[in-house]
Structure formats: structure tokens, C-alpha cells
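Using this note's numbering, read the sequence shown as starting at 171 and increasing by one per residue.
C-beta: ideal position from N, C-alpha, C; glycine also.
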Amino acid sequence: MHVAIIGCGISGLLTALELLEQGCEITLIDQKQAAKAASWAGGGILSPMYPWRYPKAVNQLAQLGKSLYQYWNQKIQPLSGIDFEIHDSGMLIFDEDDFEIGLSYKAQYNEPMQHCDLLDETQLRNLNPRVSNTFKQALHFPQLSNVRNPRLLKSILTYLKSHSKVKIIEHKWVEKLLIQNQQVQSIVLHDQHQIKADQYVIATGAWSAHWSSQLDFNIPVQPVQGQMILFKTPENWLPTMCMYNVMYMIPRRDGHIVCGSSMAELGFEHRPNLKTQQSIYQACIQLIPELKNFPIVQQWAGLRPSSPDGIPYIGLMPEMKNLWANFGHFRNGLCMGPAAAQLLRQLMLNQTTLVDPRPYDPSLKFQV
Ligand SMILES: Cc1cc2nc3c(=O)[nH]c(=O)nc-3n(C[C@H](O)[C@H](O)[C@H](O)COP(=O)(O)OP(=O)(O)OC[C@H]3O[C@@H](n4cnc5c(N)ncnc54)[C@H](O)[C@@H]3O)c2cc1C
Numbered sequence: 171m172h173v174a175i176i177g178c179g180i181s182g183l184l185t186a187l188e189l190l191e192q193g194c195e196i197t198l199i200d201q202k203q204a205a206k207a208a209s210w211a212g213g214g215i216l217s218p219m220y221p222w223r224y225p226k227a228v229n230q231l232a233q234l235g236k237s238l239y240q241y242w243n244q245k246i247q248p249l250s251g252i253d254f255e256i257h258d259s260g261m262l263i264f265d266e267d268d269f270e271i272g273l274s275y276k277a278q279y280n281e282p283m284q285h286c287d288l289l290d291e292t293q294l295r296n297l298n299p300r301v302s303n304t305f306k307q308a309l310h311f312p313q314l315s316n317v318r319n320p321r322l323l324k325s326i327l328t329y330l331k332s333h334s335k336v337k338i339i340e341h342k343w344v345e346k347l348l349i350q351n352q353q354v355q356s357i358v359l360h361d362q363h364q365i366k367a368d369q370y371v372i373a374t375g376a377w378s379a380h381w382s383s384q385l386d387f388n389i390p391v392q393p394v395q396g397q398m399i400l401f402k403t404p405e406n407w408l409p410t411m412c413m414y415n416v417m418y419m420i421p422r423r424d425g426h427i428v429c430g431s432s433m434a435e436l437g438f439e440h441r442p443n444l445k446t447q448q449s450i451y452q453a454c455i456q457l458i459p460e461l462k463n464f465p466i467v468q469q470w471a472g473l474r475p476s477s478p479d480g481i482p483y484i485g486l487m488p489e490m491k492n493l494w495a496n497f498g499h500f501r502n503g504l505c506m507g508p509a510a511a512q513l514l515r516q517l518m519l520n521q522t523t524l525v526d527p528r529p530y531d532p533s534l535k536f537q538v
């Protein structure tokens with residue numbers, strides 16, 4: 171079976187990996203350089219921030235993310251030569267209003283990823299002496315990890331590019347789908363070149379509303395900009411991820427600390443601006459004052475694919491026989507990515523699914 175996948179972010183690339191494992195032939199197409207959009211720009215936290223603020227359908231995919239990434243890292247690292255570092259740093263949350271909610275969430279679900287304890291001041295200082303003295307307590311999630319998403323993408327891409335059954339076409343915008351009898355016959359690039367396959371997957375992230383006019387129903391996915399700043403500190407300088415007021419600091423082992431992030435609806439504007447960068451900087455210094463002694467080495471913005479409830483669209487598109495969706499992951503596409511791709515592969519190949527597919531089913535979610 172030949173599958174054409176539109177979009178080379180984490181959703182498209184992991185879908186390609188899943189289908190390749192089952193013997194499919196893959197063509198991936200991206201309007202720009204592959205793997206440089208939201209999936210590159212994200213932080214790589216392998217959990218929704220404050221999981222209790224998200225629907226079950228988001229959490230159940232996210233909880234599978236870490237173990238599936240461990241599987242993929244082991245499998246493709248020898249071939250790609252890249253370790254994308256699943257860093258078990260744990261997470262501290264400092265929002266007092268969330269302490270009780272977090273503890274009862276843990277008791278209710280009893281999932282390893284949601285295990286947490288409320289730390290007193292001494293425990294907090296012992297675990298993370300970098301945190302400002304103004305914080306006296308924190309909720310600690312010891313099992314939460316982060317992944318180096320730019321390396322993750324590079325590793326998958328390197329592996330896919332070396333595979334004889336994969337073709338990757340970059341810098342080509344897919345303009346339209348040629349549809350007959352509810353079947354996509356081919357996809358048409360902006361230069362009018364056509365690509366034919368047996369099955370087609372839309373993994374176009376924040377650009378997914380592009381398909382609304384052609385499919386004749388509204389796809390409510392919009393870009394929501396998020397900005398980040400990157401500090402460089404000595405190796406293993408910050409012992410844990412930290413979160414306060416929806417702002418987070420994510421330490422990588424080599425001392426890079428990814429900090430963000432903002433939320434703004436600015437269309438497809440992908441440049442960071444000074445005002446937002448300053449407010450992220452202030453939030454970082456409030457939590458970890460010593461960060462002001464270290465340089466900011468990079469700043470950027472990315473476009474999250476928002477969907478109304480944050481639950482992605484995964485499955486067959488309404489009234490279509492060979493057009494599939496894997497988009498709309500909003501703030502959690504990196505942690506949901508591996509399970510979302512696995513679910514899509516299972517649906518496409520008529521296999522038993524690892525989770526109930528209904529909450530993600532485009533036919534149930536779109537009003538056609
Ligand atoms: C600042 C920030 C922080 C984040 N932090 C986290 C986090 O810590 N944890 C987490 O789980 N998630 C996080 N996210 C969210 C996560 O990054 C996204 O949900 C995820 O990357 C979406 O992946 P995607 O593959 O669907 O989209 P993208 O990575 O945007 O990929 C879509 C691709 O499709 C291509 N494309 C679109 N339309 C067309 C077309 N017509 N023709 C050809 N190509 C097309 C685009 O060029 C793009 O490369 C964050 C996002 C941002 C911006």
C-alpha cells in the first residue's frame with residue numbers, strides 16, 4: 171500500500187514510521203523544509219501541563235507518549251546515530267490553587283505519570299536549590315520527562331530519508347485533492363505536479379483549515395502562536411522542570427533551558443516580538459533568579475494547531491474512503507504524537523485499536 175502524507179511535523183513523521191513498520195510505501199510532502207514548524211518549536215514536555223485541565227481523550231494518548239518514544243529511540247538511534255534524550259527530570263508545579271486538585275487527580279487515576287507529592291520548603295530546596303526563596307511549597311511529579319524535540323525530528327527524518335520505501339518532497343505546498351466518488355485520486359502541488367497513492371493522510375498542523383473549502387465543511391483548526399527563549403547554563407544546572415502560571419522551564423542535560431511560552435492568535439505570524447520575550451524572561455527570573463547570570467542563546471515562535479477542545483482529529487475524514495486525519499493536537503502534539511500515530515495506523519490497517527477511537531473520530535467531530 172502506498173500512502174501519501176501531507177505535512178512533515180511530528181504527526182506526519184510518526185505516522186510514516188508506524189506505516190513503514192507495517193510494510194507500506196510512503197511519500198511525505200511539506201511546503202517548507204521538513205520538521206521545522208510547531209514540532210521543532212515546542213518544548214517537548216511529555217505530558218499536558220496541569221493534566222487535570224485537559225479532557226481524558228488528551229491524557230490517555232499523552233500517557234503513552236514516553237514509553238513509545240523510548241521504543242522509537244531504541245529502534246532508530248542505531249540507524250540515525252541520534253539520541254533524542256528522554257530526560258527524566260521530573261516537574262515542579264508552584265501554582266498553589268492546583269495543589270489539592272493535583273493530589274486528588276493522582277488519587278483518582280493512579281497513573282505513574284500523574285504520581286505527585288506536595289513538597290515542603292526543605293524538601294523543595296533539597297530537590298531544586300535554584301528555585302527562588304519566595305516559593306515555599308511545590309507539587310512534584312517525579313515521573314515526568316521531556317524530549318529534545320529538534321533531535322527527535324532529526325532522528326526520525328534521518329532514518330526515513332535512508333529508507334528505500336520512503337520519498338520525502340520538501341518546499342512544495344499541496345494545493346488540492348482530486349476527489350472522485352469519495353476517493354482521493356491524487357494530490358496536486360502548487361506547481362501542478364500530481365502525486366498518486368492508495369491512501370492519503372492530512373497531517374498539516376496549524377494549516378489544516380486549508381482543506382475546509384475543498385471538503386465543504388468547516389475545519390476549526392487555527393494557528394496559536396507560542397514564543398520561547400533558550401538559556402545556556404552549565405551541564406545539569408537546573409535539576410527539574412518548573413512550572414508556574416502556565417510558564418515553564420525545561421532543562422536539557424547539556425545545560426540548555428527552554429522557557430516559555432506565550433499564547434496569541436496572530437494568524438500565521440511566526441516571528442517572536444520583544445514585549446512577549448520580555449514577559450517570558452521576567453517569569454523565568456521570578457522563579458529561578460540566578461538565570462539572569464546566563465545568556466539567552468536563541469528565541470523563536472511556533473504555531474500550535476489549535477482545535478476547540480484540544481482533542482486531535484484522528485481517523486477517516488467524513489464521507490471519504492481513503493483520506494485520513496492526524497491534526498489539531500494544539501498544545502500537546504509532542505506528548506500525544508506517538509499514540510496518535512499508532513491509533514491512526516491501527517484504523518488505517520483495520521487493526522485492533524489501543525484506545526477507543528471515538529473521541530478523535532473526524533466523522534463524529536465535524537459537522538458536515
Ligand atoms: C512554543 C510551543 C511549545 C510547545 N510545547 C509543547 C510541549 O512541551 N509538549 C507537547 O506535547 N506539545 C507542545 N507544543 C505543541 C506541539 O508542538 C504541536 O502540537 C505539534 O508539534 C503539532 O505537530 P504537527 O505535526 O501536527 O504540526 P507541525 O509540526 O506544525 O507540522 C505540520 C507541517 O505541515 C506542513 N504543511 C501544512 N500545510 C501544508 C500543505 N498544504 N502542503 C504541504 N505541507 C503543509 C507544514 O509546513 C508543517 O511542516 C508546543 C508548541 C509550541 C508552538
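Using a 10 Å radius around the Cβ and a threshold of 16 neighbouring Cβ atoms, would you call residue i buried or exposed?
| i | result |
| --- | --- |
| V228 | buried |
| L444 | exposed |
| M155 | Lying outside 171 to 538, the shown extent of the chain, residue 155 is not represented and no answer is given. |
| G214 | buried |
| V391 | buried |
| V467 | exposed |
| S449 | exposed |
| R422 | buried |
| Q469 | buried |
| P225 | exposed |
| F254 | buried |
With DSSP as the reference, identify every bridge partner of residue i, one or two as the case may be.
| i | result |
| --- | --- |
| R474 | V394 |
| P421 | I427 |
| A211 | Bridge partners of A211: none, in fact. |
| L288 | L309 |
| E440 | As written in the sequence, residue 440 is His, which differs from the Glu given in the question. None, per the DSSP bridge assignment. |
| S356 | L348 |
| F497 | Y483 |
| Y414 | M417 |
| Y370 | A174, L493 |
| L262 | H310, C412 |
| E195 | H172 |
| K402 | H426 |
| A434 | Q395 |
| I271 | According to DSSP, I271 bridges with nothing at all. |
Do residue i and residue j have their C-beta atoms closer together than 9 angstroms?
| i | j | result |
| --- | --- | --- |
| A379 | V173 | no |
| P312 | D287 | yes |
| A211 | L524 | no |
| Q124 | N520 | Because residue 124 is not part of the residues shown, which for the chain are 171 to 538, the question remains open. |
| A453 | Q395 | no |
| Q397 | G430 | yes |
| P320 | N502 | no |
| V344 | Q201 | yes |
| K209 | L504 | The residue you asked about is not Lys; residue 209 is Ser in the sequence shown. Going by C-beta atoms, S209 is nearer than 9 angstroms to L504. |
| I252 | K331 | no |
| Q233 | M283 | yes |
| S181 | G375 | yes |
| D509 | G235 | Here residue 509 turns out to be Ala, not Asp, going by the sequence shown. Cβ atoms of A509 and G235: closer than 9 angstroms. |
| G150 | P529 | For the chain, the structure presents residues 171 to 538; residue 150 sits outside this window and is missing. |
| L347 | L322 | no |
| Y329 | L187 | yes |
| S302 | I458 | yes |
| G425 | T403 | yes |
Where residue i and residue j are concerned, what is the direct C-alpha to C-alpha distance, given to the nearest angstrom?
| i | j | result |
| --- | --- | --- |
| M411 | M419 | 6 angstroms |
| Q352 | N406 | 54 angstroms |
| L189 | L327 | 15 angstroms |
| F269 | L309 | 6 angstroms |
| Q240 | Q355 | 37 angstroms |
| E291 | L262 | 13 angstroms |
| N298 | Q244 | 30 angstroms |
| L294 | I427 | 20 angstroms |
| A373 | K206 | 14 angstroms |
| D258 | S315 | 4 angstroms |
| R300 | K462 | 12 angstroms |
| L184 | A495 | 13 angstroms |
| V416 | S334 | 43 angstroms |
| Y451 | D267 | 23 angstroms |
| W222 | H363 | 46 angstroms |
| D265 | G179 | 32 angstroms |
| H440 | S274 | 38 angstroms |
| E191 | W242 | 11 angstroms |
| F401 | P465 | 6 angstroms |
| H285 | M171 | 42 angstroms |
| G193 | L238 | 19 angstroms |
| Q278 | Q230 | 14 angstroms |
Taking 9 angstroms as the CB-CB cut-off, is residue i touching chain B?
| i | result |
| --- | --- |
| Q447 | In summary, chain B is missing from the structure at hand, where a single protein chain is found. |
*Flag this pair as touching only if the region 516–535 and the region 483–492 have three or more C-beta atom pairs under 8 angstroms; answer yes or no.*
Counting Cβ pairs under 8 angstroms, three or more are found: they touch.
*Does the region 472–486 touch the region 508–521, meaning 3 or more C-beta pairs lie closer than 8 angstroms?*
Because the criterion of three Cβ pairs below 8 angstroms is met, the region 508–521 and the region 472–486 touch.
*Do three or more CB pairs link the region 327–347 to the region 191–204 at distances below 8 angstroms?*
Segment contact: the region 327–347 against the region 191–204, three or more CB-CB distances shorter than 8 angstroms; contact assigned.
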